[in-house]
Amino acid sequence: MKFEWFVASRYLRSRRKQSFISIISIISIGGVALGVATVILVIAVLDGVEHGLKDRFLSNEAHVALHIFDHSFFKGYQERIQRIEAIDNVVAASPVIFAQIGVFREHSNTIQGAIYIKGIDPVLEDKVTGFSTFVMGSTDFQNSELIEKAALMKQGETITGGIILGGRLATRLGVMKGDVLRLLIKLVDPGGLGTLTPDLANFVVIGFYESEMEAYDNNFGFIHIDTAQKLYNQENRVNFIFVRLTDAELAPQIATKIEDAADFSVLEGMPDTRTWMEAQAPLFSALQLEKIATVIIEALIILVASFNIASTLIMTVMEKTKDVGTLRTLGSSRGNIMRIFMIQGSVIGTLGTMIGTALGLALCWLLSTNAERPSYWYALALVVPISLQFLIASRHAMRTKGGWKLAVGTLWLIGIGFALYCAVRPISLVDLGLSQIYQMHHLPIKVNWVFVIFINLLSFAICWLATLYPAWQAANLKPVEALQHE
Amino acid sequence: MLNPSEALIRIVDLHKSYYDGESELPVLRGIDLEIKTSELLAVVGASGVGKSTLLHIMGTLDRPTAGRVLYGDQDVFTLQDTELARFRNKEVGFIFQFHHLLPEFNALENVAMAALITTPNNKAIYEQAASLLEYVGLAERLSHYPGQLSGGERQRVAIARALINNPKIVLADEPTGNLDRRSSEAVHKLLWDLNTKSGQTFVIVTHNSELAEQVDRVVQLVDGKIF
Chain P
8 MKFEWFVASR
18 YLRSRRKQSF
28 ISIISIISIG
38 GVALGVATVI
48 LVIAVLDGVE
58 HGLKDRFLSN
68 EAHVALHIFD
78 HSFFKGYQER
88 IQRIEAIDNV
98 VAASPVIFAQ
108 IGVFREHSNT
118 IQGAIYIKGI
128 DPVLEDKVTG
138 FSTFVMGSTD
148 FQNSELIEKA
158 ALMKQGETIT
168 GGIILGGRLA
178 TRLGVMKGDV
188 LRLLIKLVDP
198 GGLGTLTPDL
208 ANFVVIGFYE
218 SEMEAYDNNF
228 GFIHIDTAQK
238 LYNQENRVNF
248 IFVRLTDAEL
258 APQIATKIED
268 AADFSVLEGM
278 PDTRTWMEAQ
288 APLFSALQLE
298 KIATVIIEAL
308 IILVASFNIA
318 STLIMTVMEK
328 TKDVGTLRTL
338 GSSRGNIMRI
348 FMIQGSVIGT
358 LGTMIGTALG
368 LALCWLLSTN
378 AERPSYWYAL
388 ALVVPISLQF
398 LIASRHAMRT
408 KGGWKLAVGT
418 LWLIGIGFAL
428 YCAVRPISLV
438 DLGLSQIYQM
448 HHLPIKVNWV
458 FVIFINLLSF
468 AICWLATLYP
478 AWQAANLKPV
488 EALQHE
Chain H
20 MLNPSEALIR
30 IVDLHKSYYD
40 GESELPVLRG
50 IDLEIKTSEL
60 LAVVGASGVG
70 KSTLLHIMGT
80 LDRPTAGRVL
90 YGDQDVFTLQ
100 DTELARFRNK
110 EVGFIFQFHH
120 LLPEFNALEN
130 VAMAALITTP
140 NNKAIYEQAA
150 SLLEYVGLAE
160 RLSHYPGQLS
170 GGERQRVAIA
180 RALINNPKIV
190 LADEPTGNLD
200 RRSSEAVHKL
210 LWDLNTKSGQ
220 TFVIVTHNSE
230 LAEQVDRVVQ
240 LVDGKIF
């Protein structure tokens, strides 16, 4: 192969007057590099978004929620939790009363909104959804000072307990810590005359729930499970058991085991489970679809780049037809000729893939690293002279010496690297007004190394395939015709 | 008829036709020719009579329609492509009307090229190439590229290139057809000198009557046959 390398490398460099071709090889390398770099970057962003969303969702969401299909209450949940926690890969399970209620503010007679209420055991809930980490304030539902203070203020009215409100919900309702909320739990008929009146319970706001998850922060209130049981007259009963697993991805398999372990009787009703995936299915399947579409589009980009390689090689073969004839005369075999052009294409493909991988990973790093960066002006101040120098140098490439070229090339690389460092920063979603929706402060980046390797192999393979036809074409030139080619 | 041991090449009933769709254009119609070792043979004839075609087939660059070319006892057209390439590499040197030097390589590399195909990066090869260039009078031009050489110099590089593997036979197709008188004479001198010194066999296709007068034997190609 050494002879083929000798010839191919000279054709790639093409130092004398056909600098045309070497610029073409630069463009081909750039095409592959850009393709590979965008694939790596775009997939890193998509993975980052998916990962970030999953992290967010899973930070305060149970992996599996067990209930009876019509959400009716059931007893014996303590034993059921014991059985569920005995299942492999189950970390913890927590009993929950989950319901929707109406909210009144103090001194107000109109319903201000319907919210979801979760009656929880804070200790058990902590193990399943990390409850306390998201609470600003106390999680002591029963004995908080605030309850006593509120009871003092509202002489004659009983304070049922404390409530932790979603932060945005609290803002919406205009309540502060220590304020009293009246919750409409159900309608009662105290006289037995068929006159329904609302059964209102007073709760004092003891803290706020700040998970940065819109669905929770804007719609949820948390009360103690004992209080909830009393309010609903469901002593020793709950309507949900929330479960956390060692690995969220196992949710579908474990869910059926949980249903079995729950062992509901026919009278209690049909068991049902809802995994976090089902809860977030629309979003994640959309993300998945987007990723598949992106991979296809990006594969097409690399394919386009490989066409670039093929056309570069076909042009080279056309330009070198006479030389091929000469080499055949000197005793090169078809195999020699084929390898010369395949090496040329493979070098373009390999360099392009390597540069693209480096560029893609560098961009990923720059986009995900928060650090004080020099002003954007430095980038501009570097890019302008580098481009000018490049234009001038490409016209006078013949005159420059090898060592000088190397020095200039190194300076270019450092300059471009520094310009990128100045210019490419984490993209702030807050500035773009998107942080509310995505619950992320910066465009998230997550490099999937397996995918990077996959894209590298794919790119090598496509580029290598692109060399086959032109190389075969060169190898099968008839020596005599090639010699006479003008 | 020569004794087989004396004959370097025996061409037996060689036919070559070109095809343009259905129509056949016969160029060589039964050539029989024997060439002795160390012979300096000139092939003359009108343009388009098939002199170059004959030379190409002798040099295994092209395949005949019928007939055989024997180097010793070896019918070269029974060889596979790779073997044939190796044979061409070792045994045959070519000189063309146009120098056909590789423009990306300097004079030294161009001369060394044929040897590098089988043994790359060999220092001895470059030394030999340098001494060949010195022999053809281009000691000062080793690192010059073809574009930096004159027509006569290029042709002398091409001659040096044909000799690098010390081939048994050198095939020259109008070697001075593209040169002025002075350069032509220098090239002719070089060829005679080589022939006497190294004992290599030369087959020269030419129009040049002066050149034809100075060779051992002249064969004339008329109507696809030898006279």
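Heads up: the protein sequence lines correspond to chains P and H, in order. Start counting at 1 in the first sequence, then tack on 7, and there's your number in the numbering used here. Start counting at 1 in the second sequence, then tack on 19, and there's your number in the numbering used here. No residue lacks a Cβ here, since even glycine has one placed at the ideal position from N, Cα and C. Here the structure is a predicted model, which is why all the values come from computation and not from measurement.
Buried or exposed: residue i, going by 16 or more other Cβ atoms within 10 Å of its Cβ?
i	result
I144 of chain H	buried
S203 of chain H	buried
M77 of chain H	buried
K125 of chain P	buried
T215 of chain H	exposed
M405 of chain P	Note that M405 of chain P scores a pLDDT of 49, beneath 50, so its modelled location is shaky; the value from the coordinates is reported in the next line. Classification of M405 of chain P: exposed, given that the 10 Å Cβ count is below 16.
G440 of chain P	exposed
K82 of chain P	exposed
D39 of chain H	exposed
Q93 of chain H	exposed
H78 of chain P	exposed
I114 of chain H	buried
G218 of chain H	exposed
E123 of chain H	buried
N67 of chain P	buried
S71 of chain H	buried
D330 of chain P	buried
A157 of chain P	buried
R107 of chain H	buried
F13 of chain P	buried
P289 of chain P	exposed
So which residues on chain H does residue i lean against when the C-beta distance must stay under 9 angstroms?
i	result
S353 of chain P	Neighbours of S353 of chain P on chain H: none; closest Cβ ~18 angstroms, over 9 angstroms.
S32 of chain P	Neighbours of S32 of chain P on chain H: none; closest Cβ ~13 angstroms, over 9 angstroms.
V487 of chain P	S71, T72, H75, L80 and D81
Opposite residue i in the DSSP bridges: which residues?
i	result
K125 of chain P	P:F105 and P:F229
K35 of chain H	H:L47
Y216 of chain P	P:V142 and P:G173
G168 of chain P	P:F210
H449 of chain P	P:S435
E53 of chain H	H:R29
S42 of chain H	H:D39
R87 of chain H	H:V31
L252 of chain P	P:V97
Determine the closest residue to residue i out of the options, with distance taken between C-alpha atoms.
i	options	result
V215 of chain P	P:N209, P:Y223 and P:A208	Note that residue 215 of chain P is Phe in the sequence shown here, rather than Val. When each option's Cα is compared against that of F215 of chain P, the closest is P:Y223.
E164 of chain P	P:F210, P:G38 and P:E57	P:F210
N125 of chain H	H:K109, H:A177 and H:V111	H:A177
V487 of chain P	H:G64, H:E123, H:D192 and H:S169	H:D192
H118 of chain H	H:R175, H:R82 and H:Q147	H:R175
G144 of chain P	P:H70, P:F229 and P:K82	P:F229
Q147 of chain H	H:F115, H:E159, H:P122 and H:I183	H:I183
L180 of chain P	P:F141, P:A121, P:G137 and P:S139	P:A121
R432 of chain P	P:G342, P:L373, P:T204 and P:Y476	P:L373
I94 of chain P	P:E297, P:A306 and P:Q260	P:Q260
H449 of chain P	P:G55, P:L436 and P:E86	P:L436
E242 of chain P	P:E305, P:I303, P:P102 and P:D254	P:P102
I265 of chain P	P:M447, P:R90 and P:F105	P:R90
W479 of chain P	P:R17, P:I232, P:K193 and P:I350	P:I350
Note down, in chain order, every chain P residue with its Cβ under 7 angstroms from the Cβ of residue i.
i	result
P139 of chain H	K9, F10 and F13
A61 of chain H	Those do not exist, as A61 of chain H stays about 21 angstroms from chain P at its closest Cβ, beyond 7 angstroms.
Output, in chain order, the set of chain H residues within a Cβ distance shorter than 7 angstroms of residue i.
i	result
L337 of chain P	N108, M132, A133 and I136
Y18 of chain P	E123
G333 of chain P	The amino acid at residue 333 of chain P is misidentified as Gly; the sequence shows Thr. What T333 of chain P touches in chain H: H119 and L121.
R341 of chain P	D100
By the criterion of Cβ-Cβ separation under 8 angstroms, what are the contact partners of residue i in chain H?
i	result
L490 of chain P	L80, F115 and H119
V324 of chain P	Those within 8 angstroms of V324 of chain P in chain H number zero; the least Cβ separation is about 15 angstroms.
P477 of chain P	The contacting residues do not exist; P477 of chain P stays about 18 angstroms from chain H at best.
K329 of chain P	H119
Can you list the residues of chain P that residue i reaches, using a CB-CB cut of under 8 angstroms?
i	result
A104 of chain H	R335, G338, S339, S340, R341 and N343
Nearer than 7 angstroms: is that true of the beta carbon of residue i relative to any heavy atom of the ligand HEM?
i	result
W372 of chain P	The ligand HEM is not part of the structure shown, which contains no ligands of any sort.
- [ ] Determine which residues of the region 208 to 227 of chain H have a Cβ less than 8 angstroms from any Cβ of chain P, and write them out in chain order.
- [x] Residues of the region 208 to 227 of chain H with a C-beta atom less than 8 angstroms from some C-beta of chain P do not occur.
Open item on the list: Tell me which residues of the region 146 to 164 of chain H have at least one Cβ-Cβ distance to chain P shorter than 8 angstroms, keeping chain order.
Closed with: Of all residues in the region 146 to 164 of chain H, Y164 have a Cβ within less than 8 angstroms of some Cβ in chain P.
Open item on the list: Counting only Cβ-Cβ distances shorter than 9 angstroms, please list the residues of the region 61 to 76 of chain H near chain P, keeping chain order.
Closed with: Listed in sequence order: S71, T72 and H75.
- [ ] Could you name the residues of the region 424 to 457 of chain P whose beta carbon sits closer than 7 angstroms to any beta carbon of chain H, in the order they occur along the chain?
- [x] With the criterion set as a beta carbon lying under 7 angstroms from some beta carbon of chain H, the region 424 to 457 of chain P has no members that meet it.
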